[in-house]
Amino acid sequence: MLDVGDVFPEFSLQDQNGDAWTRDRLKGHKCVVYFYPKDDTTGCTAEACGFRDLPPDVPGALVIGVSPDDVASHKKFAEKYGLNFVLLADPGKELIEPLGLWVEKAMYGRNYMGVSRTTYLLDENAVIRQVFRNVKPQGHAQEVRDALVAVRA
117 MLDVGDVFPE FSLQDQNGDA WTRDRLKGHK CVVYFYPKDD TTGCTAEACG
167 FRDLPPDVPG ALVIGVSPDD VASHKKFAEK YGLNFVLLAD PGKELIEPLG
217 LWVEKAMYGR NYMGVSRTTY LLDENAVIRQ VFRNVKPQGH AQEVRDALVA
267 VRA
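The sequence shown begins at 117 in this note's numbering and counts up one residue at a time.
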């Protein structure tokens, strides 16, 4: 599992519009890369809408959501909720697995594999500057905004 000071891994994934994104495309920007389990579920929708509703004064950071859903699912999710940021489709878990975020979970006595809700703050060189693990969706976007503002201060 990567931590503060590590370089974010190489990847090549498509966004909700079918456009290709790589680590190199992130360089030159501060980035919020958040991983979530599934489009259009209660917690994931709350988290996404929290990022959507951040005030425009967030200090120049790109917001990027990543889940194992496909491009079509992301497009529908983004349109339904008016999401104003990038959603990357990782159905093959090309980025999720190397980060150690595909984990065993349990709910109602049933074990299953899923995404560990985690957010990475990256600097302009794609170096990890902060990691939020085991994120609670409600209020997380504000928590991330506060961290970005603190870095700027």
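Quick reminder that beta carbons are idealized off the backbone N, C-alpha and C, glycines included.
Going by C-alpha distance, which of L129, D185, Q246, I180 is nearest N200?
Locating residue 200 in the sequence shown gives position 84, counting from the first residue. Per the Cα distances, I180.
Distance between beta carbons of P207 and D186, contact taken as under 8 Å
To locate residue 186, count along the sequence shown from 1; it is residue 70. To locate residue 207, count along the sequence shown from 1; it is residue 91. Contact holds; Cβ gap of about 5 Å.
What span of residues does the alpha helix (DSSP H) with D131 cover, start to end?
Indexing the sequence shown from 1 puts residue 131 at position 15. Looking at the DSSP string, D131 is not in any alpha helix (DSSP H); the run it does join, the beta strand (DSSP E), is 128-131.
Quick check on the burial criterion: 16 or more other C-beta atoms within 10 angstroms. Buried or exposed for T138?
As a first step, residue 138 must be located in the sequence shown, where it is residue number 22. That one is exposed.
C-alpha distance - Y152 paired with K146, whole-angstrom precision
As a position in the sequence shown, residue 152 is number 36, starting the count at 1. As a position in the sequence shown, residue 146 is number 30, starting the count at 1. Linking Y152 to K146 through their CA atoms gives a straight-line distance of about 20 Å.
Assuming L74 contacts L129 under a Cβ cut-off of 8 Å, what Cβ separation, rounded to an integer in Å, is found between them?
Any answer about residue 74 is impossible in this case: the structure gives the chain only from 117 up to 269.
State the start and end residues of the unbroken beta strand (DSSP E) segment that holds F79.
What the structure shows of the chain is the stretch from 117 to 269, and residue 79 is not part of that stretch, so it cannot be assessed.
Relative to the C-alpha of P184, which residue among R233, K143, A177, G225 is closest?
Residue 184 sits at position 68 when you count from the first residue of the sequence shown. Closest option to P184, Cα to Cα, is R233.
Residue range of the beta strand (DSSP E) that includes E220:
Locating residue 220 in the sequence shown gives position 104, where the first residue counts as 1. Secondary structure note for E220: its beta strand (DSSP E) is the uninterrupted segment 218-223.
Quick one: is T235 buried, meaning 16 or more other Cβ sit within 10 Å of its Cβ, or exposed?
Within the sequence shown, numbered from 1, the residue matching residue 235 stands at position 119. Buried, since its Cβ has 16 or more Cβ neighbours within 10 Å.
Whose C-beta lies closer than 7 Å to the C-beta of A269 among residues of the same chain, with five residues either side of it excluded?
To locate residue 269, count along the sequence shown from 1; it is residue 153. The pLDDT assigned to A269 is 46, lower than 50, so where the model puts this residue is not dependable, and the model offers no usable value.
Could you name the residues of the same chain whose beta carbon sits closer than 6 Å to that of H190, not counting the 5 residues immediately before and after it, in chain order?
Working through the sequence shown from its first residue, we reach residue 190 at position 74. These residues qualify, in order along the chain: Q132, L203, A205.
Based on Cα-Cα distance, which residue from D169, R245, P214, K196 lies nearest to Q258?
Start at 1 with the first residue of the sequence shown, and residue 258 comes out as number 142. For the residues D169, R245, P214, K196, the minimum Cα distance to Q258 belongs to D169.
Residue closest to L264, alpha-carbon to alpha-carbon, out of V219, E220, G230, V148:
What you label residue 264 is simply residue 148 of the sequence shown in a count that begins at 1. Residue V148 is the option with its Cα nearest to L264.
Shortest alpha-carbon distance to T161 belongs to which of L142, D262, G198?
For the purposes of this step, residue 161 is identified with residue 45 of the sequence shown, where counting begins at 1. Considering only alpha carbons, the answer is G198.
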